[in-house]
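Below is one structure, written out as structure tokens; comments come after it.
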Amino acid sequence: MSEKMWAGRFKKQLDSDVNDFNSSIRVDCRMYKSDIGGSIAHAAMLAHQGIIDPADAEAIIEGLEGILKDLDSGALEFDMTAEDIHMFVEAELTRRIGDTGKKLHTARSRNDQVALDIRLHLREEADAVIALLKNLVSVITDKAEEHKATVMPGYTHLQRAQPITFGHHLMAYAQMFLRDISRVRDAADRMNYSPLGSCALAGTTYPTDRLAVANALNMKGICENSLDGVSDRDFAVELANAIALIMTHLSRFSEEIILWSSWEFKFIELDDAYSTGSSIMPQKKNPDIAELVRGKTGRVYGNLITLLTMLKGLPLAYNKDMQEDKEAVFDSFDTVKQCLSIFAPMLATATVIEANMKNAAAKGFINATDVADYLTKKGIPFRTAYKISGTLVAYCIDEGAVLEELTLAEFKEFSDVFDEDIFDAINLENCTFRRNSEGGTAVESVEKQIASVRAKL
Ligand code: ARG
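Numbering (this note's numbering), first residue to last: 1 to 457.
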């Protein structure tokens, strides 16, 4: 452990367990690019404003660029006894260029420095998640296109309800993930304001130019209140929330994939590369990937609660509690990126067993609504028609038959309105492909949804 930069006020060295407890470098070392980028912009501004000598700024910037290069290549390793990434970089700079390095921290505090670094870092992470989401949506639309006419049962209460196409079912997820993209983008945009120059909490007496730093870092502007600049972490909560919702969507999708892969459904078969076996039961092929995605959703929800709870009791401005923000929000990003990266190819490579989907759709009386609609179109009030259809279903259950197997004579026993055209009305394909209302399950409607989603991508 090297001497602390704040050692001046202290008579004793920090206890080494306390140093460990206090240190955040294990978690925040990943922000080194943002830290160095922010410092370079800060040094350039200091020189431009005449706060430090241009030659000093030049030496500082050159030194920082060298550190960046060496960290990128692995030539320089992080000192895990350092207090945090900010202290590490500054100490290394001073080691390299001497006392000039000590001028970098003029008109800055670690409080505004860390608030900037985390924003810059999460901005990149948000872009990465958006790219992965776009890829997933494009996998979904391709699969939906392929299966825009594949009939399956649609469910409510996990009971067969009405026939739909598999493409239609998939496109529901495309809509969810599109909203996820816009949620992440919104949160990242709101975060894209620079807190640098807030200093410890109150601003500074130096003639800084905060907007110049913000512009150099490609940010939309500055945080207008210095106390808010250093003590706000709502952007981390918003991003963690957006990620929690992505995981919710992935988890529901995973649950369906797990069900569909079972022998009870067998609607799909996952590729061998995306399944695992059992150590004892030789016949098993398990959807572990989908289960893990579903399982990891819990920790991502936990991270959101960690962040909310961490913030709720904090007086303004900076408090050390806030150091805990990074582990939580980074874990959410790591987890969702991992899940999205593996979920997309798992879906892309899954085989759809169309015959089983269709067989399941042919059972379960999922055309009972269409019987009622048929009668309604012939002038019978819907409630009455609904009752007749229900009675017919009960009759079929007793007879061990499905609606399409009844004879016209049998139909007529329940209502003399029935005619030969009832068979056309309850034909499974017709029931599916004629639901061509906007957003419905008909092929042309699914095609429209696919085109619209692709245009948005
Ligand atoms: N490692 C700290 C964090 O992540 C940096 C800010 C420290 N500021 C301070 N006043 N101790 O929050």
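Ideal Cβ placement from N, Cα and C applies to all residues, glycine included.
| request: Please name the residue in ASN427, THR407 and ALA174 whose C-alpha comes closest to that of PHE418. | output: Locating residue 418 in the sequence shown gives position 418, where the first residue counts as 1. Comparing Cα-Cα distances from PHE418 to each of ASN427, THR407 and ALA174, the minimum goes to THR407.
| message | Please list the terminal residues of the continuous alpha helix (DSSP H) segment that includes TYR386. | response | For the purposes of this step, residue 386 is identified with residue 386 of the sequence shown, where counting begins at 1. TYR386 -> alpha helix (DSSP H) spans 382 to 399.
| On the premise that ALA59 lies in contact with ALA47, defined as a C-beta separation below 8 Å, what is that separation, rounded to the nearest angstrom? | Translated into positions along the sequence shown, residue 47 becomes position 47. Translated into positions along the sequence shown, residue 59 becomes position 59. Not really, about 11 Å apart at Cβ, beyond 8 Å.
| request: Count the CB pairs spanning the region 419 to 434 and the region 159 to 175 that are closer than 8 Å, and state whether there are at least three. | output: Result yes; three or more Cβ-Cβ pairs closer than 8 Å.
| Is the region 117 to 130 touching the region 184 to 196, taking contact as three or more C-beta pairs under 8 Å? | yes
| Going by other Cβ atoms of all chains shown within 10 Å of its Cβ, with 16 needed for buried, is ASN22 buried or exposed? | For the purposes of this step, residue 22 is taken as the residue at position 22 of the sequence shown. When all chains shown are included, ASN22 counts as exposed.
| said: Please tell me whether, using a cut-off of 7 Å, the distance from the CB of TYR274 to the nearest non-hydrogen atom of the ligand ARG is below it. | reply: Position 274 of the sequence shown holds residue 274. No, since every heavy atom of the ligand ARG falls outside the 7 Å radius drawn around the Cβ of TYR274.
| request: Check whether the region 226 to 237 touches the region 108 to 118, taking contact to mean three or more Cβ pairs, one atom from each stretch, closer than 8 Å. | output: yes
| message | Whole angstroms are fine: how far does the CA of GLU83 sit from the CA of ALA328? | response | For this step, residue 328 is matched to residue 328 along the sequence shown. For this step, residue 83 is matched to residue 83 along the sequence shown. Going from the Cα of ALA328 to the Cα of GLU83 covers about 19 Å.
| query | Per DSSP, what kind of secondary structure is VAL352 in: helix, strand or coil? | reply | If you number the sequence shown from 1, residue 352 lands on position 352. DSSP places VAL352 in strand when its eight states are reduced to three.
| Is the beta carbon of TYR318 less than 8 Å from the beta carbon of VAL230? | Along the sequence shown, read from residue 1 onward, the residue named residue 318 stands at position 318. Along the sequence shown, read from residue 1 onward, the residue named residue 230 stands at position 230. Yes.
| message | Give the list of continuous alpha helix (DSSP H) stretches no shorter than 4 residues that lie fully inside the region 70 to 126. | response | 85 to 97
| task | Work out the CA separation of SER275 and PHE177 for me, nearest whole Å. | result | The sequence position of residue 177 within the sequence shown is 177, counting from 1. The sequence position of residue 275 within the sequence shown is 275, counting from 1. Between PHE177 and SER275, the alpha-carbon positions lie close to 24 Å from each other.
| said: Given a cut-off of 8 Å on the beta-carbon distance, is the pair ASP370 and ILE426 in contact? | reply: As a first step, residue 370 must be located in the sequence shown, where it is residue number 370. As a first step, residue 426 must be located in the sequence shown, where it is residue number 426. Going by C-beta atoms, ASP370 is nearer than 8 Å to ILE426.
| query | Between the Cα of SER278 and the Cα atoms of HIS157, PRO287 and LEU270, which residue gives the shortest distance? | reply | Mapped onto the sequence shown, residue 278 falls at position 278. Comparing Cα positions, the closest option is PRO287.
| query | From what residue to what residue does the beta strand (DSSP E) around ALA161 run? | reply | As a first step, residue 161 is located in the sequence shown; it is residue number 161 there, counting from the start. From DSSP, the beta strand (DSSP E) with ALA161 extends over 159 to 165.
| Are the region 361 to 379 and the region 149 to 167 touching, with three or more C-beta to C-beta distances below 8 Å? | yes
| said: If distances are taken between C-alpha atoms only, which option among VAL293, ALA442, HIS105 and PHE253 comes closest to CYS339? | reply: Sequence index remark: in the sequence shown, residue 339 carries index 339 (1-based). Closest by alpha carbon: VAL293.
| message | Give me the residue from LEU196, ARG299, LYS148 and ARG210 with the minimum Cα distance to ILE450. | response | Locating residue 450 in the sequence shown gives position 450, where the first residue counts as 1. Comparing Cα positions, the closest option is LYS148.
| query | Does the pairing of the region 260 to 269 with the region 343 to 359 give three or more beta-carbon distances under 8 Å? | reply | With the cut-off at 8 Å, the region 260 to 269 and the region 343 to 359 touch.
| said: Closer than 7 Å to a non-hydrogen atom of the ligand ARG - does that hold for the CB of VAL114? | reply: Translated into positions along the sequence shown, residue 114 becomes position 114. Yes, the Cβ of VAL114 comes within 7 Å of a heavy atom of the ligand ARG.
| Among the residues of its own chain, which have a CB less than 6 Å from the CB of MET346, if the five just before and after it don't count? | For the purposes of this step, residue 346 is taken as the residue at position 346 of the sequence shown. Here the set comprises TYR274 and ILE289.
| For the alpha helix (DSSP H) that contains GLY229, what are its first and last residues? | Here residue 229 refers to the residue found at position 229 of the sequence shown. Unbroken alpha helix (DSSP H) run through GLY229: 226 to 231.
| task | Identify the continuous alpha helix (DSSP H) that holds THR204 and give its terminal residues. | result | Reading the sequence shown from its first residue, position 204 is the one you call residue 204. It is not in any alpha helix (DSSP H) - THR204 carries neither H nor E in the DSSP assignment.
| Where GLU399 and SER254 are concerned, what is the direct C-alpha to C-alpha distance, given to the nearest angstrom? | Indexing the sequence shown from 1 puts residue 399 at position 399. Indexing the sequence shown from 1 puts residue 254 at position 254. So the two alpha carbons sit approximately 37 Å from each other.
| query | Among residues of its own chain, excluding the 5 on either side of GLY302, which ones have a beta-carbon nearer than 6 Å to its beta-carbon? | reply | The residue you call residue 302 lines up with position 302 of the sequence shown. Closer than 6 Å at the Cβ level, and outside the excluded window around GLY302, lies no residue.
| said: Under 7 Å: does the beta carbon of HIS86 sit that close to some heavy atom of the ligand ARG? | reply: Here residue 86 is taken as the residue at index 86 of the sequence shown, counted from 1. It does: the Cβ of HIS86 is within 7 Å (strictly closer) of some heavy atom of the ligand ARG.
| What do you reckon, is the C-beta of ASP28 under 7 Å from a heavy atom of the ligand ARG? | Indexing the sequence shown from 1 puts residue 28 at position 28. Indeed, a heavy atom of the ligand ARG lies less than 7 Å from the Cβ.
| message | Can you look up SER194 in the DSSP assignment and give me helix, strand or coil? | response | In the sequence shown, counting from the first residue as 1, residue 194 sits at position 194. Three-state result, SER194: strand.
| Per-residue burial, SER437 [other beta carbons within 10 Å of its own, 16 or more giving buried] | Here residue 437 corresponds to residue number 437 of the sequence shown, with the count starting at 1. That one is exposed.
| request: Tell me THR156's beta-bridge partners as DSSP assigns them. | output: What you label residue 156 is simply residue 156 of the sequence shown in a count that begins at 1. According to DSSP, THR156 shares a beta bridge with GLN159.
| request: For THR94, collect the residues of the same chain with a Cβ closer than 7 Å to its Cβ; drop the 5 residues on either side in sequence, then sort them by chain order. | output: Working through the sequence shown from its first residue, we reach residue 94 at position 94. GLY101 and LYS102, listed in sequence order.
| Taking C-alpha atoms, which residue in VAL393, ALA172, GLY74 and PHE411 lies nearest to GLU447? | Indexing the sequence shown from 1 puts residue 447 at position 447. Comparing alpha-carbon positions, the option among VAL393, ALA172, GLY74 and PHE411 lying closest to GLU447 turns out to be ALA172.
| field | Beta-carbon spacing of LEU316, ARG233 below 8 Å | value | The residue you call residue 316 lines up with position 316 of the sequence shown. The residue you call residue 233 lines up with position 233 of the sequence shown. No, Cβ-Cβ distance for LEU316 and ARG233 is not below 8 Å.
| query | What do you reckon, is the C-beta of ARG233 under 7 Å from a heavy atom of the ligand ARG? | reply | Locating residue 233 in the sequence shown gives position 233, counting from the first residue. No, Cβ of ARG233 sits at least 7 Å from all heavy atoms of the ligand ARG.
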